[in-house]
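Chemist: Read in my numbering, the sequence shown has 124 at position 115, and its numbers run on one by one without any break. Quick reminder that beta carbons are idealized off the backbone N, C-alpha and C, glycines included.
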Amino acid sequence: MKAKRSGLTLVEILVVVGVIAILAGMLLPAVSMVRKTAREAKQKVQFTAIDLALATFKNDHGDYPPSDRYSWLADTQQTENSSGAQKLAEALLGWDLLGFHPDSGWRADGTNRWPYRVGTTTHAAGTYFLYDRTVEHDMNKRRSRYLDIDTSNAVRLGITGAHDGLFNLGAVGGPLASAAGTFVLGDAFGKGKEVVLPDGTRRRAGLPVLYYRANSSARMREDVYDSRDNDNLVYAKEQTDLAQRGTPPVRATGAHWNPLAGTVTTFYDYITDWRASTTAFHVPHKPDSYILISAGNDGFYGTDDDICNFSR
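Here you go:
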């Protein structure tokens, strides 16, 4: 009489494991796609919130925030240490995330662009810190945040003192090193570095939302938008990728991890509304307002998966 067999043979176990592996292989891409789609939807929600915030800002102050790359001292382009992304964050959240100061000079150091009078004292341009939290006069002048702090996904641009930040600006070089303490709005994809917060917790930061304000009185794309508004920021991202990833892939637009780090033409072709353009007259998207760009799921500026506030 044969003994009754119990359990599974080795062959049967291997078959079961193989089936599970096949099913997992089929499911993982689907899960990854669902996650990507969810992040894209979240990014579009953030852009909608930014749109509403900028509309309110324009109503309060008469125009959208500037997006040029300079810290100005009166009428002089003193330092090239800013960007549209930094100025967008200051406008909607304040230089220190506690609300926008209506007398802001849009300087990366938070000081006054023009002579500034407090009581009987007039402070020379570039000498008065408008965002001092201990000065009641200036705290009372500040506006409430235009954008919810959680929706903003704000992150410090660089490493400064005891504060961690998105880029090691001292290592990648460039003029933004003097503006490491400023903030940008991070996108929803979490492709930036793991940032250590002051309370010791860690989170994966989003990459900066690029912001370009239109010159609505112009018509040609090169006059409507300035390709240089976020150049230094994209350069810092490209240098970081080169250090971490090595040789970039060869793309149609050139050998860059981030195509927007390439030629000026690459940027202008990127923002062109080809439906409204002719061979001789190129028209940009959003010629009357502004452009927002997220690096998308792949984390590179200028690739096909970027999320923008216009249809590409």
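1) From the DSSP secondary-structure annotation, give me the bridge partner or partners of V164.
2) For R151, which residues in the same chain have their Cβ closer than 6 Å to its Cβ, ignoring the five residues on either side in sequence?
3) Exposed or buried, P258, counting other C-beta atoms within 10 Å across all chains shown (16 or more means buried)?
4) Quick one: Cα of A227 to Cα of L216, how far?
5) Report, in whole angstroms, the separation of the C-beta atoms of A197 and V204, which I expect to be a contact under 8 Å.
6) If you count every other CB in all the chains shown that lies within 10 Å of the CB of E89, and 16 or more means buried, which is it?
7) In three-state terms, what does DSSP make of A227?
8) May I ask you to report which of helix, strand or coil DSSP gives R126?
9) Give me the residue from S320, S236, Q52 with the minimum Cα distance to K200.
10) How big is the Cα-Cα spacing for G71 and A64?
11) Beta strand (DSSP E) containing R222: first to last residue?
12) In the DSSP assignment, find the unbroken alpha helix (DSSP H) run with L101 in it and report its ends.
13) Between A289 and F192, is the Cβ-Cβ spacing less than 8 Å?
14) Here's a check: name, in chain order, each residue in its chain whose Cβ is nearer than 6 Å to the Cβ of S8, leaving out the five neighbours to either side.
15) Comparing alpha-carbon positions, which option in V24, K67, A30 lies nearest S298?
16) Start and end of the beta strand (DSSP E) containing Y299?
17) Assuming N239 and L219 form a contact by the criterion Cβ under 8 Å, report the distance between their Cβ atoms to the nearest whole angstrom.
18) What did DSSP end up calling F138 once you bin it into helix, strand or coil?
19) Leaving aside the five residues before and after D235 along the sequence, list all residues of the same chain whose C-beta is less than 6 Å from its C-beta, in chain order.
20) Pull up the distance between the alpha-carbon of W104 and that of A188, whole angstroms please.
21) Which same chain residues end up closer than 7 Å to S92 when comparing Cβ atoms and leaving out the 5 residues on each side of it in sequence?
22) Among V181, N177, L166, which residue has its Cα nearest to the Cα of G190?
23) For G263, list the residues DSSP reports as bridge partners.
24) Please determine, among A50, R154, N121, S113, the residue with the shortest C-alpha to C-alpha distance to L61.
25) For A261 versus E247, is the C-beta distance shorter than 8 Å?
26) Contact between the region 270–280 and the region 300–317: three or more CB pairs below 8 Å?
27) To the nearest angstrom, report how far apart V24 and I31 are at their CA atoms.
28) Nearest by alpha-carbon distance to R211: which of V164, P74, T120, Y310 is it?
29) Going straight from the alpha carbon of G34 to that of H294, what length do you get?
30) Relative to the C-alpha of G209, which candidate in E49, I168, V28, D173 has its C-alpha closest?
31) Excluding the 5 residues flanking V233 on each side, which residues of the same chain have their C-beta closer than 6 Å to its C-beta?
32) Taking the straight line between their C-alpha atoms, what separation do you get for D250 and I22?
33) Excluding the 5 residues flanking G179 on each side, which residues of the same chain have their C-beta closer than 6 Å to its C-beta?
Modeler: Inspection of the coordinates gives the following:
1) V193
2) G108, H110
3) exposed
4) 30 Å
5) About 15 Å separates the two Cβ atoms, so there is no contact after all.
6) buried
7) coil
8) strand
9) Q52
10) 10 Å
11) 219–222
12) 93–102
13) no
14) Past the boundaries of the shown model lies residue 8; the chain is included only from 10 to 321, so the question cannot be answered.
15) K67
16) 299–303
17) 5 Å
18) strand
19) none
20) 11 Å
21) R78, D238, N239, N241, L242
22) L166
23) R260
24) R154
25) no
26) yes
27) 11 Å
28) V164
29) 41 Å
30) D173
31) A223, N224, A227, P293, P296
32) 44 Å
33) A186
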